[in-house]
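Report on the structure given below.
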Amino acid sequence: MEPISAARRLVAAPIWAHAAALLVVLCAVLPIIGTTSQFSADEGAAIAQAVNLERGDGWAIPHPFRVADPTGDAFPLELSTRAGDKFAPYAKHPIYPAMLAVAFRVAGRAGMVFLSIAGTVLAAVFTALLARRIDSSLAVPALWVVGIASPLFFDSYVVIAHTLGAACAAAAMLCALQIIHRPGARRWYFALLATITIGTMLRTEMLFLAIALSVGVVVVSRRRGPTSWRLVAVPLIGAAGGWLADRVLLEIVVSGATGSTPWVSQPSGGVVANRIVAFIVTWLLPSYAPGPGDVLLLVAVAAGAVAAVVARTRPTDLDGVRLFAAVAGLAGLMRLAFGPGPVPGLLVAFPLVAIGFAALGRRRLPTVASELYATTFVLFALAVLATQYGTGGSGEWGGRYFAIGLPLLVPLLVYGVHEGGRRVDRHTAVIAVAGLATLSLSMSVLAVVTLRHFHRETDALVSAVDVTASTHPASDGGNPVVISSSGAAARLAFTLLDRTRWLTVPSDQLDAYGRRVRDLTAGPVTFVTRDEDDVHRLDAVYRVETATKVAGDWIVVVLQPR
166 MEPISAARRL VAAPIWAHAA ALLVVLCAVL PIIGTTSQFS ADEGAAIAQA VNLERGDGWA
226 IPHPFRVADP TGDAFPLELS TRAGDKFAPY AKHPIYPAML AVAFRVAGRA GMVFLSIAGT
286 VLAAVFTALL ARRIDSSLAV PALWVVGIAS PLFFDSYVVI AHTLGAACAA AAMLCALQII
346 HRPGARRWYF ALLATITIGT MLRTEMLFLA IALSVGVVVV SRRRGPTSWR LVAVPLIGAA
406 GGWLADRVLL EIVVSGATGS TPWVSQPSGG VVANRIVAFI VTWLLPSYAP GPGDVLLLVA
466 VAAGAVAAVV ARTRPTDLDG VRLFAAVAGL AGLMRLAFGP GPVPGLLVAF PLVAIGFAAL
526 GRRRLPTVAS ELYATTFVLF ALAVLATQYG TGGSGEWGGR YFAIGLPLLV PLLVYGVHEG
586 GRRVDRHTAV IAVAGLATLS LSMSVLAVVT LRHFHRETDA LVSAVDVTAS THPASDGGNP
646 VVISSSGAAA RLAFTLLDRT RWLTVPSDQL DAYGRRVRDL TAGPVTFVTR DEDDVHRLDA
706 VYRVETATKV AGDWIVVVLQ PR
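For the sequence shown, the working numbering assigns the number 166 to the initial residue and increments by one for each residue that follows.
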């Protein structure tokens, strides 16, 4: 009998063992990234809401400088829910900040991040179970791809509910498959209803995924057999229930809500133009700041896709497969030399998407499950593309609004790569997988470096504003005055809001608010912006005393009244 290699024993280990190992890996990376700061402004809103809840301040808080902003439009945290003369920083999905508040009480900021890590592990486990419906040998690779190589790895360290939403989406698909194969088991209908409802209460995108799942059931069933109309209806009912529960909870926790504060940096442009730009940003863009590293990433993804195409269409061209796979891995490694930076495009941040699609080609999907995954994800992605903001998800890694659908996509990608590997000899397959793994792990390393870098940038901004404001007290005896023309600034520096009078003001209203603050004799003003032109919009009212450039293109200015 041929001895079983250690590698085969490792792959053959039960899914729960791989899940435990993934959890250990994700937790081991956490100290490298840190838990005291954040990557995105949206995190700041959610964390601020949770902290307010945990310390007993409730959902809505008063305006820090109401006399200078009687309309409430310049409340420091943009997109906050209004309720009379108070504002809730993050109340659109009340269940999530409530979960964060509990986690914060138990383990501080690390507890909040751990919720995201737990979501990734659950999503990876459920994805493995989905992959097993195609081929049992795909389960373990799918688990590790989700946990380490997909954008959900990045989202594991971001305090937004993407990973939890992804876990709900994968669980919903598993329930749907159980119903297809055992239509008489009522418990699966209730489980499907619950996962869709909870997912909708965590992430708005679940509405689209629920609709896509219902339509997908109809499409696949027509080719495979009679449609289960109960299965079609349950995801829609769950989505509607989750949406309604959000509205009811919002009214309970923020009674009398009348809308939200403005989005300061809302993109302009037509509907069609915004769709095109959003698609480019969330699927194709290698970075927000063009540079030579972008070329390397695009070369890496293209080379990986070419290797997959050659393996599929010309499997005897072994040298071609090896060459392009090696180029993909090498280009990914070389990208690391150009330093940190977000990768917003899904095809670039998650190269397996392009490579897996190239490997699949026009191959017919092998199972009902795989057809349902593909149909649901495509419809979901089209719905997101049709409705997302013109800038995509702003700061993101791999089109974050598509994140909850990744567990449905990964089994198909792993299947495509697996089938491509079977068409070439073992030696070539090993080289190709090594190149793909090198590229994928390079992106994961880049994700860690980028998160760590942005945490430091956020810390530098908060420190600069804190020091500047505290050393320039207001002349009227109140808290120091801070004005920002960036909607992200206050969300990133939410820890300073208790000890400053902060206003977040659109560029075209800076002069008006500047005059109002000056007339209240509340100067000097600490001004925070990323646009140097905004400083000059206040020239008629204030003179610049000092200006300090901070990491991340931030400018912190001390303004004295004229």
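From the three backbone atoms N, C-alpha and C, an ideal C-beta is built for every residue, glycine too.
Residues bridged to residue i (per DSSP)
i, result
"VAL630", "Its beta-bridge partners do not exist; DSSP assigns none."
"GLN725", "ARG708"
"ALA248", "LYS251 and ALA422"
"VAL460", "Answer by DSSP bridge pairing: none, since VAL460 is not bridged."
"THR691", "VAL647 and VAL723"
Exposure of residue i, with buried meaning 16 or more beta-carbon neighbours within 10 Å
i, result
"GLY424", "exposed"
"PHE355", "exposed"
"THR540", "buried"
"ILE417", "exposed"
"PHE707", "Contrary to the premise, residue 707 reads as Tyr rather than Phe in this sequence. By the neighbour-count rule (16 or more Cβ atoms within 10 Å), TYR707 is buried."
"GLY469", "buried"
"PRO451", "buried"
"GLU584", "buried"
"ALA182", "exposed"
"HIS228", "buried"
"TYR566", "buried"
"ALA465", "buried"
"TYR322", "buried"
"LEU729", "Residue numbering for the chain in the displayed model covers 166 to 727; residue 729 lies beyond these limits and cannot be assessed."
"ALA304", "buried"
"MET166", "In this prediction, MET166 has a pLDDT of 40, which is less than 50 and means its spatial position is unreliable; what the coordinates show is noted afterwards. So MET166 counts as exposed."
"ARG727", "exposed"
Residue j beta carbon less than 9 angstroms from that of residue i
i, j, result
"PRO576", "TYR538", "yes"
"ALA268", "VAL216", "no"
"PHE444", "LEU550", "yes"
"TRP408", "THR360", "no"
"ALA335", "LEU295", "yes"
"VAL446", "PRO509", "yes"
"ALA473", "ILE402", "no"
"LEU578", "LEU530", "no"
"ILE344", "THR532", "no"
"VAL693", "GLY679", "no"
"LEU724", "ALA206", "no"
"GLU243", "GLY652", "yes"
"VAL758", "LEU462", "The structure shown does not extend to residue 758, since the chain spans only 166 to 727, so no value can be given for it."
"PRO505", "LEU611", "yes"
"GLY555", "ARG440", "yes"
"ALA705", "ASP684", "no"
"ASP459", "THR201", "no"
"LEU569", "LEU374", "The sequence as given places Ile at residue 569; Leu does not occur at that position. Yes, they are a contact pair."
Test: residue i CB closer than 9 angstroms to a CB of chain C
i, result
"ILE376", "The structure shown contains no chain C, having only a single protein chain."
For residue i, three-class secondary structure by DSSP
i, result
"GLN343", "helix"
"THR152", "Because the chain spans 166 through 727 in this model, residue 152 falls outside it and cannot be assessed."
"VAL201", "The identity of residue 201 in the sequence shown is Thr, whereas the question assumes Val. Looking at THR201 - three-state DSSP - the assignment turns out to be coil, as it is neither helix nor strand."
"VAL670", "coil"
"ARG591", "helix"
"LEU175", "helix"
"SER425", "strand"
"VAL646", "strand"
"MET166", "Residue placement at MET166 is poorly supported in this model, since its pLDDT is 40, which falls under 50; the coordinates still yield a value, given next. Residue state, collapsed to three classes: coil."
"THR665", "coil"
"PRO576", "helix"
"ILE226", "strand"
"THR713", "strand"
"TYR453", "coil"
"HIS183", "helix"
"ILE299", "coil"
"LEU329", "helix"
"TRP562", "coil"
"PHE515", "coil"
"GLU622", "helix"
Heavy atom of the ligand ADP within 8 angstroms of residue i beta-carbon
i, result
"LEU578", "Although the ligand ADP was asked about, the structure shown includes no ligands whatsoever."
Should the segment 627-645 be called in touch with the segment 217-225, which here means at least 3 C-beta pairs below 8 angstroms? no
Please confirm if the segment 268-288 is in contact with the segment 326-341, defined as three or more CB-CB distances below 8 angstroms between the two stretches. yes
With a threshold of 8 angstroms, are at least 3 pairs of Cβ atoms found where one atom belongs to the segment 253-266 and the other to the segment 200-211? yes
Should the segment 589-601 be called in touch with the segment 483-502, which here means at least 3 C-beta pairs below 8 angstroms? yes
Quick check: the segment 523-531 against the segment 312-326, are there 3 or more CB pairs under 8 angstroms? no
Measuring CB atoms only, is the segment 640-654 touching the segment 195-202, in the sense that at least three cross pairs come out at less than 8 angstroms? no
Could you check whether the segment 302-311 touches the segment 234-249, counting it as contact only if at least three pairs of C-beta atoms, one from each stretch, sit closer than 8 angstroms? no
Inspect the CB distances between the segment 655-662 and the segment 694-703 and report whether three or more fall short of 8 angstroms. no
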